[in-house]
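Read through the structure below, which is laid out as structure tokens, and then see the notes.
Protein chains: 2
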Amino acid sequence: MSASTIRKHHGVFHWKGVDVLVYKQEGTAPFKDVTRQVLFDGTDMPCELRYFEVAPGGFTTLERHEHVHNVMVIRGSGRCVIGDEVHALAVNDLVRVPPMTWHQFRAGDAEPLGFLCMVPAHRDRPQLPDVQEHVALGKLLEP
Amino acid sequence: MSASTIRKHHGVFHWKGVDVLVYKQEGTAPFKDVTRQVLFDGTDMPCELRYFEVAPGGFTTLERHEHVHNVMVIRGSGRCVIGDEVHALAVNDLVRVPPMTWHQFRAGDAEPLGFLCMVPAHRDRPQLPDVQEHVALGKLLEP
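Encoded structure:
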């Protein structure tokens, strides 16, 4: 009972009984140095709460989908692309990724970017940009 | 667009554009020194993510309901009652409150207890203990 009721924080953004997973199980979409931990799955809740950590210099896949992402930064700092905007991110900042909006999360060079992400348990699969879109979106992140 | 997409952390566990609300809108259930902030509402997501903060010496209502609570501590420390168990809580600890299980969150005397709580957007109303139950559960928290 206790095992499923309380999961103690067990070090630096690791939890007892929570596995550190690869970011994505399949596909060829580009990303770099991202881990995934499922803090609360959708067994008895219509949403999941995951913790993603992007190592310094890393980034998540640039993608979009119909379902909304609700994100809260809880470690480090970085930047995100949401549509055609780039935002600096720090601990406790909140990000809502609207439906069908390109988005990517990037850590800076000095520290990781760790964030919670709440999503519906039943959700559509991400779409990837074509080459032209990728180039246009990539320009947003140039120094 | 930016206003709803990014909500910057705006001080000590306050966010730009997020109101600090009373803990409960109605009823006579006992609680002490608790605030509520809705970080993500259920407009386009089947769940809500709220931030509750219990001031030093404060506590939430002792209650139970059919819906599950998924909790993550993000500030301070304290204790929780979950069923007939009492657990110490610190930052980043995770708590799952199962259906129809009595629960209460309490801050210690020295610092607040702040936690995220994910719940279904559509959920049943809390039930309160009768006097006998309240006394029995209260004994769990005696020093």
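Residue numbers (the numbering used here), protein chains in the order written: chain H, 1 to 143; chain P, 1001 to 1143. Using N, Cα and C, we set each Cβ at its ideal position, and we do this for glycine too. A quick note: this is a predicted structure, and the numbers were derived from the prediction, not measured.
Identity of the residue in the options nearest residue i by Cα
i       : options                            : result
P/H1129 : P/A1055, P/L1137, P/V1038          : For clarity, residue 1129 of chain P is Pro in the given sequence; the question names His instead. Comparing Cα positions, the closest option is P/L1137.
P/M1045 : P/Y1051, P/L1140, P/V1119          : P/V1119
H/Q132  : H/V91, H/L62, H/R75                : H/L62
P/P1126 : P/V1097, P/D1109, P/L1089          : P/V1097
P/R1036 : P/K1008, P/G1076, P/D1019          : P/D1019
H/I6    : P/A1121, P/L1113, P/N1092, P/P1112 : P/N1092
P/T1181 : H/F105, H/P99, H/E142              : Chain P is shown from 1001 up to 1143; residue 1181 of chain P falls before or after that span and cannot be answered.
H/L39   : H/R79, H/L21, H/E142               : H/L21
P/Y1051 : P/S1077, P/Y1023, P/L1140          : P/Y1023
Span separating the alpha-carbon of residue i from that of residue j
i       : j       : result
P/E1048 : H/T28   : 32 Å
P/V1135 : P/H1069 : 23 Å
P/W1015 : P/W1102 : 30 Å
P/I1082 : H/P30   : 43 Å
H/D109  : P/E1053 : 33 Å
P/L1113 : H/H122  : 32 Å
H/H10   : P/A1090 : 11 Å
H/E142  : H/F13   : 30 Å
H/K139  : H/P56   : 20 Å
H/E111  : H/G76   : 6 Å
Min CB distance residue i to chain P below 8 Å
i      : result
H/L137 : no
H/H9   : yes
H/M45  : yes
H/D93  : yes
H/R123 : no
H/W15  : yes
Same chain, Cβ closer than 6 Å to residue i, five either side skipped, listed in chain order
i       : result
P/V1071 : V1095, F1115, C1117
H/H87   : C80
H/T60   : F31, V34, Q104, F105
Neighbourhood of residue i by C-beta, 7 Å cutoff - its chain only, sequence neighbours within 5 removed
i       : result
P/G1058 : K1032, D1033, V1034, A1107
P/E1149 : Here chain P covers residues 1001 to 1143 and nothing more, so residue 1149 of chain P does not appear.
P/I1074 : V1091, G1114, F1115, L1116
H/G78   : V54, L89, F105, R106, A107, G108, L113
P/D1041 : E1048
Residue i - containing beta strand (DSSP E), residue span
i       : result
P/L1094 : 1094-1097
P/Q1037 : 1032-1040
P/F1115 : 1113-1120
H/Y51   : 47-59
H/G83   : Run containing H/G83: none; DSSP gives neither H nor E here.
H/G165  : The structure shown has nothing for residue 165 of chain H, since chain H only spans 1 to 143.
P/F1013 : It is not in any beta strand (DSSP E) - P/F1013 carries neither H nor E in the DSSP assignment.
P/H1103 : 1103-1107
Sequence-distant residues of the same chain with beta carbon closer than 8 Å to residue i, five excluded per side
i       : result
P/D1124 : H1065, E1066, H1067
Residue range of the alpha helix (DSSP H) that includes residue i
i       : result
P/G1138 : 1131-1140
C-beta neighbour in chain H for residue i, strict 8 Å
i       : result
P/T1005 : yes
P/F1059 : no
P/M1072 : yes
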